[in-house]
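J.: There's a structure below that I have some questions on.
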Amino acid sequence: MPDTEERSDGGLPRRFDCTDCTDYEAEYGLDLTDLDELEYRSEFCERIDRRATYRTLPFDQECRLLGALGDVHGAENVCPVLDPHYRWKVSSHPKHGYPQHHEHLFKQTFDVECDVRGEDPPSYRTDPAHRAVAGDIYCVTQAFLDRTVGRELTVYRGLSRHAGTLVARTLRAETERTYEIPASVLKNFTASEAFTSHYSPLVLQVRLPRTAVAIAADHLAKYREDGTPAERDDEYRVFGDELGSVAHDQIYLVVDGTRTSLFEFFTANDSFTTAEHRCYVDAVRHLADDNERVTDDPGFSRIADWYATLTAEEYEFAEAIEGVVNYVVGRTDELPDDWRADVAETFGDNWI
37 MPDTEERSDG GLPRRFDCTD CTDYEAEYGL DLTDLDELEY RSEFCERIDR RATYRTLPFD
97 QECRLLGALG DVHGAENVCP VLDPHYRWKV SSHPKHGYPQ HHEHLFKQTF DVECDVRGED
157 PPSYRTDPAH RAVAGDIYCV TQAFLDRTVG RELTVYRGLS RHAGTLVART LRAETERTYE
217 IPASVLKNFT ASEAFTSHYS PLVLQVRLPR TAVAIAADHL AKYREDGTPA ERDDEYRVFG
277 DELGSVAHDQ IYLVVDGTRT SLFEFFTAND SFTTAEHRCY VDAVRHLADD NERVTDDPGF
337 SRIADWYATL TAEEYEFAEA IEGVVNYVVG RTDELPDDWR ADVAETFGDN WI
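Residue numbers (the working numbering): 37 to 388.
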């Protein structure tokens, strides 16, 4: 491991204190100019009808990196750092435990000024050996990003989990506004807008210094069987305290390949394509799910104007969502029975 100066408390160097990135490249026998192109997962490539790729370590370099980390720290200390990253791909819900474990590790290693996700998360000290591994993986991540993207990078994430709150605030706003995205220790991002919008058309785009990326494990050390890559997501974990308020044009909807800021979509549109109507319907579903009711102007009038347009252009769609719209704008006090199933029968799953 390249020489690093320890803190006075005996811990690892603070965030951003890596030695020169080329030291890590040389120490682990890596050639970050010789990278593989890996395809994103097949269902995404099939939908966009083209080959979409991102860059990763070749399999031999990956084995070299993992072997070197194991030699320095012990293989038994490397897996507990990487394993939660891949388990997180299944779900980031705190009930599973591993997202909280991953966040505890990075919070204590890098003094992240955000809370661990979940209500009343457990409190404990992580293993110093695991923190040492996390520190080295962070520095290898920095070396990789230094070679591939430079000092800054643009990353994206879908915002389906926050859709109800964001849409409600936008509908109620008189003018363009900034947004606060709830931050935990680590937040998932990807470098592909198209991949992000494949899973949710409501997209957050941010420009970050590369030092804000805690771990780029998908590029460095993917779990493989017989050399075959596992989940192909191109995910980055970003330190939550690197994300502050977000400008209005950094959150937008991607519909039919066109970007429209969230504010413009819900306040300035006076005509809608069928796909845009569908997107608005899904936003209303989120409002109902989150019990975000918009009963006063300007939001009330904005929803009413859109619904009048939907009725004129897509009457069957309007009829299917009418009871939900009436509840959201306060015309009724109760949602229709089985409204989720009834709306899904007409519109399918919620895209947002």
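Every residue, glycine too, gets a C-beta built ideally from N, C-alpha and C.
Between D285 and the rest of its own chain, which residues show a CB-CB distance below 6 Å, the 5 nearest in sequence each way excluded?
T.: Once the five neighbours on either side are set aside, the close Cβ partners of D285 are S297.
J.: Can you tell me whether N327 is buried or exposed? The criterion is at least 16 other CB atoms within 10 Å of its CB, across all chains shown.
T.: The residue in question, N327, is exposed, as its Cβ has fewer than 16 Cβ neighbours within 10 Å.
J.: So, do the region 319-334 and the region 188-208 have three or more beta carbon pairs nearer to each other than 8 Å?
T.: The region 319-334 vs the region 188-208: in contact.
J.: Return helix, strand or coil for F146, following the three-state DSSP convention.
T.: Helix at F146.
J.: What does the alpha-carbon distance come out to for the pair A380 and T69?
T.: Rounded to the nearest angstrom, the two C-alpha atoms are 48 Å apart.
J.: With a threshold of 6 Å on Cβ separation, who are the neighbours of R183 within its own chain once the five nearest residues in sequence on each side are excluded?
T.: Same-chain partners within the cutoff: L68.
J.: With DSSP run on the structure shown, which of helix, strand or coil describes Y363?
T.: It is helical.
J.: Out of curiosity, what's the CA-to-CA distance linking G106 and A377?
T.: Rounded to whole angstroms, G106 to A377 spans 51 Å at the Cα level.
J.: Reducing DSSP to helix, strand and coil, say where T232 ends up.
T.: DSSP places T232 in helix when its eight states are reduced to three.
J.: Between which two residues does the beta strand (DSSP E) holding L238 run?
T.: Per DSSP, L238 belongs to the beta strand (DSSP E) from 238-245.
J.: On the criterion of 16 or more Cβ atoms from any shown chain inside 10 Å, does A179 qualify as buried, or is it exposed?
T.: By the neighbour-count rule (16 or more Cβ atoms within 10 Å), A179 is buried.
J.: For the candidate residues I173, E370, N224, whose alpha-carbon lies nearest to that of E98?
T.: For E98, the nearest C-alpha among the options comes from I173.
J.: Which runs of the beta strand (DSSP E), 3 residues or longer, sit entirely within the region 60-104?
T.: Runs of the beta strand (DSSP E) inside the region 60-104: 72-75, 89-92.
J.: What span of residues does the alpha helix (DSSP H) with S337 cover, start to end?
T.: Note, S337: alpha helix (DSSP H), 335-349.
J.: For P245, count neighbouring C-beta atoms within 10 Å of its own C-beta (all shown protein chains included) and say buried if the count is 16 or more, exposed if not.
T.: Under this definition P245 is an exposed residue.
J.: For V176, does the three-state DSSP call read helix, strand or coil?
T.: V176 falls in the helix class under three-state DSSP.
J.: Cα separation between F353 and D369?
T.: Looking at the two C-alpha atoms, the distance is approximately 22 Å.
J.: Going by C-alpha to C-alpha distance, which of R321, Y343, E271, E278 sits closest to N305?
T.: Closest option to N305, Cα to Cα, is Y343.
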